[in-house]
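Protein chains in written order, with full-length UniProt numbering: chain A, 1 to 314; chain B, 1 to 314; chain C, 1 to 314; chain D, 1 to 314; chain E, 1 to 314; chain F, 1 to 314. Built from N, CA and C at the ideal position, the CB exists for glycine as well.
6 protein chains.
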Amino acid sequence: MVKGIVHYEVGNQVDIFLLVKSASKGIASNGKPFLTLILQDQSGEIEAKLWDATPEDETSYAAQNIVKILGDVNSYRGKNQLKIRTIRPATDLDGVQLSDFLTVAPIKKDVMADKINQYIFDMKNSNIQRITRHLLKKHQHSFFEYPAATKNHHEFISGLAYHVVSMLDLAKSLATLYPSLDTDLLYSGIILHDLGKVTELSGPVSTSYTIEGNLLGHISIMVNEIGQAAKELGIEGEEITVLQHIVLSHHGKAEWGSPKPPMIKEAEILHYIDNLDAKMNMLDRALERVKPGEFSDRVFALDNRSFYKPTFQN
Amino acid sequence: MVKGIVHYEVGNQVDIFLLVKSASKGIASNGKPFLTLILQDQSGEIEAKLWDATPEDETSYAAQNIVKILGDVNSYRGKNQLKIRTIRPATDLDGVQLSDFLTVAPIKKDVMADKINQYIFDMKNSNIQRITRHLLKKHQHSFFEYPAATKNHHEFISGLAYHVVSMLDLAKSLATLYPSLDTDLLYSGIILHDLGKVTELSGPVSTSYTIEGNLLGHISIMVNEIGQAAKELGIEGEEITVLQHIVLSHHGKAEWGSPKPPMIKEAEILHYIDNLDAKMNMLDRALERVKPGEFSDRVFALDNRSFYKPTFQN
Amino acid sequence: MVKGIVHYEVGNQVDIFLLVKSASKGIASNGKPFLTLILQDQSGEIEAKLWDATPEDETSYAAQNIVKILGDVNSYRGKNQLKIRTIRPATDLDGVQLSDFLTVAPIKKDVMADKINQYIFDMKNSNIQRITRHLLKKHQHSFFEYPAATKNHHEFISGLAYHVVSMLDLAKSLATLYPSLDTDLLYSGIILHDLGKVTELSGPVSTSYTIEGNLLGHISIMVNEIGQAAKELGIEGEEITVLQHIVLSHHGKAEWGSPKPPMIKEAEILHYIDNLDAKMNMLDRALERVKPGEFSDRVFALDNRSFYKPTFQN
Amino acid sequence: MVKGIVHYEVGNQVDIFLLVKSASKGIASNGKPFLTLILQDQSGEIEAKLWDATPEDETSYAAQNIVKILGDVNSYRGKNQLKIRTIRPATDLDGVQLSDFLTVAPIKKDVMADKINQYIFDMKNSNIQRITRHLLKKHQHSFFEYPAATKNHHEFISGLAYHVVSMLDLAKSLATLYPSLDTDLLYSGIILHDLGKVTELSGPVSTSYTIEGNLLGHISIMVNEIGQAAKELGIEGEEITVLQHIVLSHHGKAEWGSPKPPMIKEAEILHYIDNLDAKMNMLDRALERVKPGEFSDRVFALDNRSFYKPTFQN
Amino acid sequence: MVKGIVHYEVGNQVDIFLLVKSASKGIASNGKPFLTLILQDQSGEIEAKLWDATPEDETSYAAQNIVKILGDVNSYRGKNQLKIRTIRPATDLDGVQLSDFLTVAPIKKDVMADKINQYIFDMKNSNIQRITRHLLKKHQHSFFEYPAATKNHHEFISGLAYHVVSMLDLAKSLATLYPSLDTDLLYSGIILHDLGKVTELSGPVSTSYTIEGNLLGHISIMVNEIGQAAKELGIEGEEITVLQHIVLSHHGKAEWGSPKPPMIKEAEILHYIDNLDAKMNMLDRALERVKPGEFSDRVFALDNRSFYKPTFQN
Amino acid sequence: MVKGIVHYEVGNQVDIFLLVKSASKGIASNGKPFLTLILQDQSGEIEAKLWDATPEDETSYAAQNIVKILGDVNSYRGKNQLKIRTIRPATDLDGVQLSDFLTVAPIKKDVMADKINQYIFDMKNSNIQRITRHLLKKHQHSFFEYPAATKNHHEFISGLAYHVVSMLDLAKSLATLYPSLDTDLLYSGIILHDLGKVTELSGPVSTSYTIEGNLLGHISIMVNEIGQAAKELGIEGEEITVLQHIVLSHHGKAEWGSPKPPMIKEAEILHYIDNLDAKMNMLDRALERVKPGEFSDRVFALDNRSFYKPTFQN
């Protein structure tokens with residue numbers, strides 16, 4: 001198998017296919033245009049400059065194109081950069097496709113869908129069950145494609161569903177240890193808590209924020225949808241308000257984006273489960289390239305801390 | 001005219017009608033029950049103890065009853081307290097009624113309704129106009145009865161409508177000075193911004209928070225209602241999202257309860273207008289009993305500051 | 001079975017045995033001494049005044065004595081107070097003992113000891129295993145008697161061991177879901193993290209802080225003990241520093257008392273497990289006296305929030 | 001009319017006059033000196049590098065000189081940069097002058113002076129009136145030349161006077177809606193509140209802080225001047241202290257530079273008016289280059305927010 | 001010598017002279033007026049209730065009167081209270097006077113004046129010397145009478161001068177160890193830094209804030225006076241601005257009341273010296289009644305900490 | 001004497017010996033390797049690029065080598081950079097040595113050792129004296145070599161001992177002015193407070209943090225060592241806990257790294273002395289290159305402030 005682009009070291013020569021994640025045009029000091037390309041594969045990304053870019057180059061190497069590059073890995077301001085010797089667009093003959101270059105959740109969509117449906121099937125409160133099933137069905141396609149965030153954690157294809165599945169399994173373990181938990185509320189809250197992201201974010205690839213995402217945020221979007229789903233399904237009862245509250249409060253504090261803090265036990269616990277799964281995901285990724293006896297890079301979303309891998313671990 | 005209860009001084013004897021705002025039972029050190037009464041008139045409130053209370057007293061002096069009291073104003077821990085000599089329930093013959101004891105906005109409901117309708121009538125964007133009119137009509141009755149808050153500012157009958165009318169007039173002045181403001185958005189935002197309070201709060205008298213108010217808050221409640229109104233009226237277009245955003249962001253910052261900060265000019269300005277009118281209301285009330293050369297009591301919602309009335313003002 | 005003291009309502013007469021938690025002397029306005037007694041049973045505590053207290057009363061009703069009281073439940077400043085009609089010290093004939101009045105963990109000490117020993121037995125790294133076993137053995141007696149805190153959570157007999165057992169079970173569940181966790185480190189960290197409390201706190205009953213507890217705190221105390229244990233056992237290796245770090249960092253942030261934030265994955269996760277178990281304990285207790293459709297009292301250690309029990313839960 | 005320099009796009013060729021705002025010398029990797037020029041016109045500014053700079057170039061292209069440049073707009077690190085092909089100093093024959101390149105308030109100085117004098121003329125309290133007139137007269141020349149700040153808002157020629165005039169008009173509107181306001185205090189406070197900036201700042205062009213400005217700040221400077229003006233005019237009375245307080249407190253909070261928070265109603269309201277006018281100015285400028293459906297750049301002084309221009313606005 | 005009032009314990013009988021610090025009237029539950037007296041001697045203060053107070057009592061026992069009391073020390077809500085058996089106003093025959101009941105600095109005024117004059121005499125920069133001497137002379141009488149604060153530290157007669165003398169001595173020691181310090185600036189800054197308190201505070205006894213003190217604060221008051229002194233003395237030069245800056249910045253941070261932080265070395269060091277002397281004064285007082293092995297009361301101005309006196313100290 | 005590297009200006013040619021502080025390899029845009037060298041002498045440091053670096057260059061110019069360079073001082077992004085014309089490793093014939101390039105404390109090690117020993121000799125409490133002497137002796141060699149920090153203050157050879165000596169002298173002055181201070185505790189606390197840095201830091205040159213330093217910090221390291229020293233010396237008594245507390249609390253607040261705030265008078269004062277000496281050191285260095293009438297660079301550890309040197313100082 002081919003080595004990922006982030007695993008090359010300064011001085012190495014590379015000869016690989018990469019996906020253009022973004023391309024922006026500049027004009028060099030010699031007056032000629034050049035392109036700054038961000039190139040990616042499943043291992044991560046690297047920057048490259050394409051000097052003396054022609055108008056055709058701008059088209060051929062626009063975002064979402066796959067390219068074949070021969071070049072060298074340099075160091076520029078402490079970060080690796082790819083110096084291009086030759087570049088060409090990939091062709092059908094190359095046998096490469098978009099999905100070869102994208103990171104994907106480690107569990108298949110079908111398997112995840114089955115697991116989640118089982119959790120819904122097991123719910124006893126039919127109001128909660130119907131609303132959950134209705135909203136999941138409505139956004140089913142996007143839900144199993146979208147990442148859970150644009151960066152920090154679960155920012156890969158199907159990351160949203162994968163995060164939800166991990167949280168459900170964690171919730172189930174907790175409910176065994178602390179049997180006072182209402183699993184209907186907890187499972188439904190987990191399935192719905194980030195579902196508004198399918199409206200807040202632009203899509204699974206080159207993900208950005210939509211206008212509605214910027215102005216309202218995934219929390220308010222989903223709180224609204226729960227209200228409308230209840231209306232469409234003709235459901236009345238406190239379950240609606242409580243589910244809306246759980247989604248509304250799942251960031252835990254006003255300054256983290258929840259206008260109301262958790263005031264229901266399951267809302268408070270969901271906030272913890274969300275955090276724990278996200279942090280575990282970040283920690284695993286921060287440490288996966290670190291050797292025993294070394295510190296990781298600083299992780300911004302973990303208060304900018306470095307983590308140490310003890311020498312007696314391997 | 002009768003002097004208000006808060007204007008009596010320690011040592012004064014009083015012989016007046018008062019409304020029971022709340023009553024709670026205790027047992028005294030002699031083993032007999034007593035009632036702690038909070039009594040109010042339009043000037044404010046005072047506490048009183050009714051010793052050796054009979055079961056009939058508990059009924060006669062429950063909240064919302066009007067009573068006639070002969071007593072003395074004492075001081076207890078720095079606050080005035082009413083020492084009851086004789087007390088009796090008011091009767092029809094006394095010719096007193098609930099509204100005599102409640103503070104009411106200084107403008108009549110009809111006049112306020114006319115003013116607000118004129119602002120709606122003047123709107124040019126029909127999407128904004130229709131949603132605003134629809135939601136105001138839906139909650140019309142409560143809107144003109146409710147206070148704007150349970151304490152701090154505009155906490156009187158019709159306080160909500162009065163606050164909105166003051167803000168609309170202020171917005172109109174501003175729009176003259178800064179003509180780039182979109183008055184449709186601004187007026188609609190002002191009318192809707194606190195409308196969720198008719199669901200968040202229990203009613204115009206002895207106001208408390210409803211369950212829905214506690215769990216969701218007036219901001220999320222109204223954001224949802226705008227979405228549903230649009231659906232019912234068959235309105236589509238960015239106006240919906242923008243109005244939702246204005247309501248969502250009107251507290252200005254996440255830590256003050258707005259999950260998104262203002263990102264539209266009119267949203268930012270509405271936040272200022274809201275603040276300015278509320279603060280002006282608080283300042284006027286804090287200073288109304290202060291003589292030139294004196295400091296007011298501390299005002300909790302104004303960072304617990306005291307305000308000074310200069311000697312050259314009168 | 002006898003009803004707990006906190007379950008009586010204002011106006012009820014009581015005739016029960018209670019433990020004197022604390023007693024302090026005052027002088028009444030008639031010039032005579034009186035005692036303020038805090039009385040407790042397994043359900044909680046109540047205050048009582050013993051007027052005209054004789055010197056014998058001071059001895060008979062000092063802290064840690066059991067008394068028989070006939071009296072009435074009054075309300076004073078919003079809290080229940082016990083008005084004493086008759087009081088007498090309990091005698092051997094009454095057949096009551098100290099442990100009848102103390103709250104105890106829901107699992108027996110033997111069972112907890114077996115569970116913890118099994119976790120230690122399963123450790124694979126012998127350095128970690130030996131230090132953990134050595135320190136637990138050293139403080140064994142106190143560890144199974146002490147509460148986990150003086151208030152907020154697990155503040156009952158054997159609360160410390162019970163908290164540790166719950167955390168171990170939670171850690172085991174997590175390690176199944178996230179197999180990258182080093183269970184030796186995690187289990188050892190959990191067993192040791194609060195062990196310094198047996199030095200920081202005065203004992204299982206009427207718990208207060210020792211001088212050493214005040215000046216150094218349980219975290220520094222245990223970090224020191226790990227170092228000394230290693231010296232005594234002749235153990236060298238990074239495990240010592242890493243275990244010290246896990247204990248040192250388990251409060252998560254400098255402002256919460258950890259001079260170093262977690263920099264090892266297991267340290268970070270231990271902090272989460274600690275929090276989750278403590279919060280779950282607080283939530284369960286806050287909600288146990290609440291009926292569906294009601295809010296709990298405010299819980300200081302949960303940001304002073306109230307929690308709502310939905311009407312559809314029972 | 002010539003297009004402003006900030007309106008050119010990457011790849012455009014320019015052939016225009018610009019004012020050198022600042023020039024600093026460096027030595028290139030070929031060992032030869034070069035100049036980094038910040039060039040401006042009324043639309044804004046752009047950076048340019050002049051390579052192989054001679055000693056004559058250093059003189060010709062020093063700050064405050066006007067130059068004629070033929071060049072190309074490049075992109076460097078996400079910001080536009082001007083690549084110079086040819087450059088020459090402007091001559092008298094070119095018919096360009098300093099004021100052509102500077103942004104100026106939209107109202108003429110004479111008109112502003114008349115307005116402000118009218119506000120002073122209308123004051124009824126002669127102590128307040130005399131002090132205000134005295135201090136304005138003393139700093140008249142600078143007051144109508146200086147900007148209100150070095151950046152963020154009203155940072156253009158006559159920006160200070162323009163900000164004051166806008167605030168006065170806003171205060172007048174408010175006083176109509178809230179008649180309890182003391183307009184003498186409010187108008188005087190507005191005229192004086194930032195007058196210390198004529199001492200704090202170096203002048204209307206290439207504005208920086210003076211030593212006195214750095215060490216004392218415009219607030220303390222003006223508080224002192226009010227005291228001295230009163231002494232010179234032989235005025236005694238509480239008006240002096242109150243005006244000093246209004247200036248002292250106009251930043252609203254200690255952490256924003258006011259050692260005392262507002263404790264007079266007009267001081268509190270002045271703080272709001274100041275804020276509202278400054279924010280409106282920032283918002284208008286942030287949005288003036290934004291098309292409907294787009295977000296503005298982030299505005300640092302508005303908590304680094306972007307603002308959205310709705311698609312239905314134009 | 002007579003034992004101070006704070007050294008009596010609950011149950012003790014007292015028969016002593018005390019100064020009435022404040023007296024306020026209330027009405028008891030029997031409808032009769034009573035007085036709440038705060039009584040003090042040099043050791044501290046105690047509260048007492050005078051029941052059934054006559055109008056003559058109100059006059060005889062007003063603030064600043066000396067009284068003879070026979071009574072008992074009770075405990076009320078954890079604080080000592082004096083139960084009055086008999087009370088009478090002191091007469092000339094009693095031979096007691098106001099100063100017997102007030103705490104006074106441990107050094108005589110004359111001695112302090114000589115020390116400070118010597119520090120001024122030794123200054124080499126005549127501008128600094130003249131301004132310092134002028135301002136000290138202007139406020140000489142009050143300066144040697146006033147306390148340094150109304151509470152927390154040096155809140156006794158001549159406390160201001162005593163604090164200044166201690167700071168000067170400390171500054172002299174520092175200047176020996178760190179010879180780069182400019183002693184003229186440092187000594188002058190110390191003498192002037194709190195001199196505005198003679199205007200901010202009402203006087204040496206029953207000290208409160210003046211209107212000017214409330215609205216401007218001692219810092220701004222003294223910054224103004226330095227400016228006026230320079231004008232009167234015809235002094236020009238940067239010394240004026242620098243001395244104003246030192247006074248302005250001596251609280252160290254904006255949130256502590258200094259609109260500018262120290263930007264001169266001596267200003268920074270003065271802030272430290274001020275702090276160190278104030279904290280030392282608070283620590284000594286907090287610990288003076290504590291026995292070895294005990295913790296002091298919490299000290300509000302020291303972050304509400306308790307301090308421990310080690311058992312090996314005596 | 002040769003001019004220090006930081007005193008050269010842009011455009012100057014240099015021909016001097018420098019120590020390589022660090023060297024890191026990159027690959028240039030021409031595909032060839034280059035070295036980024038940080039070069040230092042006693043005056044400070046400068047960056048240089050060595051283009052087309054051979055493998056031999058990597059060895060010859062690794063950290064800790066001394067080099068002879070002919071080059072020019074350029075400016076790059078506002079900082080000086082050294083453009084290398086010729087470079088060669090120093091040889092024995094050059095007569096230069098490591099210590100020529102390192103900053104050293106202004107007092108000799110012997111003199112400092114004598115002073116500290118005298119302070120220990122003068123202690124009266126033998127427990128405190130023995131522990132202090134034991135720990136100083138144990139780390140004697142490193143203690144007199146290490147810096148007090150990696151940056152900010154006293155970051156030079158023997159900086160740690162120099163900081164301790166200055167603090168001791170300052171403590172002695174204070175103890176004269178405030179005789180209630182326990183000098184045994186204070187002197188011992190000062191000698192031990194930062195002694196853990198000899199374990200936390202890697203060494204006197206190219207200082208970085210050790211693993212143990214990162215995971216535990218110098219405070220916890222020394223608290224542990226005090227406990228072990230007591231055990232080894234067979235000392236029991238509260239002195240141990242108190243000394244541990246003084247070291248533990250010397251950063252003053254939890255958020256600054258002290259899990260317990262000072263709760264002993266001498267602990268509080270030590271925190272002030274530490275701060276005062278560190279700040280004085282930073283201030284002197286910030287101002288030493290500043291001319292009268294100028295502001296210094298911003299000092300990060302002094303809240304990023306600039307300091308002004310008055311024109312009347314020289």
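- For chain A, the residues of the segment 219 to 232 of chain B that bring a beta carbon within less than 8 Å of one of its beta carbons are I219, S220, V223, N224, G227, Q228 and K231, in chain order.
- At a beta-carbon threshold of 9 Å, the residues of chain E lying near D:K260 are N214, L215, L216, G217, S220 and G257, ordered along the chain.
- The beta-carbon distance between A:G196 and A:I221, rounded to whole angstroms, is 4 Å. This is short enough to meet the 8 Å contact definition.
- Bounds of the alpha helix (DSSP H) holding B:D274 are K265 to L287.
- For chain C, the residues of the segment 114 to 139 of chain A that bring a beta carbon within less than 7 Å of one of its beta carbons are N125, in chain order.
- Residue contact check for E:N74 against chain C: a CB pair falls below 8 Å.
- Counting other Cβ atoms within 10 Å of its Cβ, A:G217 reaches 16 or more and is therefore classed as buried.
- The beta-bridge partner set that DSSP reports for F:Y209 consists of F:L201.
- Within the segment 41 to 126 of chain A, the beta strand (DSSP E) runs of at least 3 residues that lie entirely inside it are, in chain order, 44 to 50, 66 to 76 and 79 to 89.
- Considering only beta carbons, the part of the segment 303 to 314 of chain D lying closer than 7 Å to chain A consists of Y308, in chain order.
- Beta-bridge partners assigned by DSSP to B:K231: none are found.
- In the three-state scheme derived from DSSP, where H, G and I count as helix and E and B as strand, A:T241 is classed as helix.
- In this structure B:R289 is exposed. Its beta-carbon is surrounded by fewer than 16 other beta-carbon atoms within 10 angstroms.
- Beyond the five residues adjoining it in sequence on each side, B:G44 comes within less than 7 Å, by CB distance, of G4, I5 and V6 in the same chain, given in chain order.
- Residue pairing from DSSP places A:L39 in a beta bridge opposite A:V20 and A:I46.
- Taken through DSSP and simplified to helix, strand or coil, A:Y308 comes out as strand.
- Collapsing the DSSP output to three states places B:Q13 in a strand.
- DSSP places D:G252 outside both helix and strand once states are collapsed to three, so it counts as coil.
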